[in-house]
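Colleague: Okay, so the sequence shown: first residue is -13 according to this note's numbering, each after it adds one. All residues carry an ideal CB built from backbone N, CA and C; glycine is no exception. Nothing here was measured: the structure is a model prediction, and the numbers come from that model.
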Amino acid sequence: MEIPTPKVGLVISYAYVWRQDYVAGQREGVKDRPCVIVLAIADDGQGRQIVTVAPITHLPPSDPAGAVEVWPRTKERLGLDGERSWAILDDLNVFTWPGYDLRPVPGRPGSCVYGLLPAGFMRGLQQAFVARFRYLRRSDRDA
-13 MEIPTPKVGL
-3 VISYAYVWRQ
7 DYVAGQREGV
17 KDRPCVIVLA
27 IADDGQGRQI
37 VTVAPITHLP
47 PSDPAGAVEV
57 WPRTKERLGL
67 DGERSWAILD
77 DLNVFTWPGY
87 DLRPVPGRPG
97 SCVYGLLPAG
107 FMRGLQQAFV
117 ARFRYLRRSD
127 RDA
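#1: What three-state label does DSSP hand residue -12 in the structure shown?
#2: Going along the chain, which residues of its own chain have a beta-carbon closer than 8 Å to the beta-carbon of residue 75, five neighbours each way excluded?
#3: Contact check, residue 5 vs residue 49 under 8 Å by CB: the rounded distance?
#4: Helix, strand or coil for residue 105, going by three-state DSSP, please let me know.
#5: Report buried or exposed for residue 73, applying the criterion of at least 16 other Cβ atoms within 10 angstroms of its Cβ.
#6: Quick check: the Cα distance between residue 66 and residue -13, rounded to an integer number of angstroms?
#7: For residue 82 versus residue 29, is the C-beta distance shorter than 7 Å?
#8: Locate the alpha helix (DSSP H) running through residue 64, then write down its first and last residues.
#9: Would you list, in sequence order, the uninterrupted beta strand (DSSP E) runs of no fewer than 3 residues that lie entirely inside the segment -11 to 53?
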């Protein structure tokens, strides 16, 4: 599978672990899902690339301020289904790129990439991310 350079706004297929499951001891994702890279550190001082991803899910957020709805046209362009979906910004996975949980996009076995989110959408997502920063729950997948 081709591994791209991590870039903020890139939507990847990833075996995501929800925070409540991580706290309960689960270390492996049970479902591969689209996730958006919200932070990518090119070099953490030890030569590693550290990536933070937010899951994209059909489940409406319990706190609307902690999520951004993915535009229908954007979902269509990425090849996602037509159901409403949200990028959840207060439940994140952090890992060393490329990690072991990248997965092929369904129907595209050679790629883990759905595509790049449009700049307008990313501006709104980044504003929401910054506004929610103190509420973010991160699961360190390298631990």
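Modeller: In brief:
#1: Residue -12: strand per DSSP, three-state reduction.
#2: 24, 40, 52, 53, 54, 111, 114, 115, 118 and 122
#3: Actually they do not touch by this definition, with Cβ atoms about 13 Å apart.
#4: helix
#5: buried
#6: About 20 Å.
#7: no
#8: 58 to 64
#9: -4 to 2, 17 to 27 and 36 to 43
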